[in-house]
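Q:
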Amino acid sequence: MEDNSRDSNHRRYPGKNRIILIVALLAVGLAAGTALGVVKASENPSFCTVCHIMKPYYQSWDDSCMLAHAHAEEGLTCHECHDESLGAKAREGFKYVTGDYEEPLQPLDFPREDCLECHSDFDEVIASTDHGGGENPHDSPHWKDMDCTMCHSMHGQSQVYCTQCHDFEWAKNLDENWND
32 MEDNSRDSNH
42 RRYPGKNRII
52 LIVALLAVGL
62 AAGTALGVVK
72 ASENPSFCTV
82 CHIMKPYYQS
92 WDDSCMLAHA
102 HAEEGLTCHE
112 CHDESLGAKA
122 REGFKYVTGD
132 YEEPLQPLDF
142 PREDCLECHS
152 DFDEVIASTD
162 HGGGENPHDS
172 PHWKDMDCTM
182 CHSMHGQSQV
192 YCTQCHDFEW
202 AKNLDENWND
């Protein structure tokens with residue numbers, strides 16, 4: 032006796048493979064569209080607040096005492112400094128969803144070269160911090176061994192690293208953005 036079950040199923044559900052293909056293509060299209068929407072939305076700094084651990088960092092964007100705010104005023108976004116690759120976004124999202132992160136987040140240390148991509152005229156930086164011929168933190172004999180993030184903090188209060196060893200008069204007169 033011949034097994035005709037395959038033929039009878041095929042006759043019973045004509046176009047079944049076509050329907051499966053259409054559903055699969057729709058699912059792939061929906062997933063791709065959703066992924067593109069998330070990628071586009073993530074270009075806006077407020078998107079970072081989707082993860083509750085990022086809210087303080089976004090708030091520093093609006094806090095005039097924070098360096099992040101000064102950069103926002105210049106039209107920069109989070110992605111000017113933070114890795115915006117799709118892989119990085121996926122890793123960060125996965126860490127958040129799985130709870131694989133520390134709170135508070137550890138500060139990132141950026142190499143000086145990253146800052147100098149925008150602040151390329153370092154002579155201008157030195158001139159802007161020349162306090163009347165006194166000590167200049169950007170024209171220091173120690174500077175060659177230091178990264179900008181040793182003093183400058185984007186999302187927290189910046190700190191004059193030099194005052195750990197030195198007592199500079201100018202450091203006492205800095206505004207509330209600084210902690211000496």
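Note that my numbering has the sequence shown beginning at 32, numbered continuously upward. All residues carry an ideal CB built from backbone N, CA and C; glycine is no exception.
1. Going by the CB atoms, is the gap between G124 and C82 shorter than 9 Å?
2. Tell me whether the region 55-66 and the region 139-153 touch, counting them as touching only if at least three CB pairs, one residue from each stretch, are closer than 8 Å.
3. According to the Cβ coordinates, are C196 and C182 closer than 9 Å?
4. Let me confirm a value: S159 is counted as buried when at least 16 other C-beta atoms fall within 10 Å, else exposed. Which label applies?
5. For P168, count neighbouring C-beta atoms within 10 Å of its own C-beta (all shown protein chains included) and say buried if the count is 16 or more, exposed if not.
6. Can you pull the DSSP bridge partners for Q190?
7. Below 8 Å, how does it come out for the region 107-118 and the region 67-79: are there three or more Cβ pairs, yes or no?
8. Following the continuous alpha helix (DSSP H) through C146, name the residue where it begins and the one where it ends.
9. Would you mind reading off the limits of the alpha helix (DSSP H) that contains E134?
10. Do G163 and F199 have their C-beta atoms within less than 9 Å of each other?
11. Excluding the five sequence neighbours on either side, which residues of its own chain have a C-beta within less than 6 Å of the C-beta of Y88, listed in chain order?
12. Does C149 pass the burial test, meaning 16 or more other C-beta atoms within 10 Å, or should it be called exposed?
A: Result, derived from the coordinates:
1. yes
2. no
3. no
4. exposed
5. buried
6. N210
7. yes
8. 143-147
9. Careful: E134 lies outside any alpha helix (DSSP H) and carries neither H nor E.
10. no
11. H186
12. exposed
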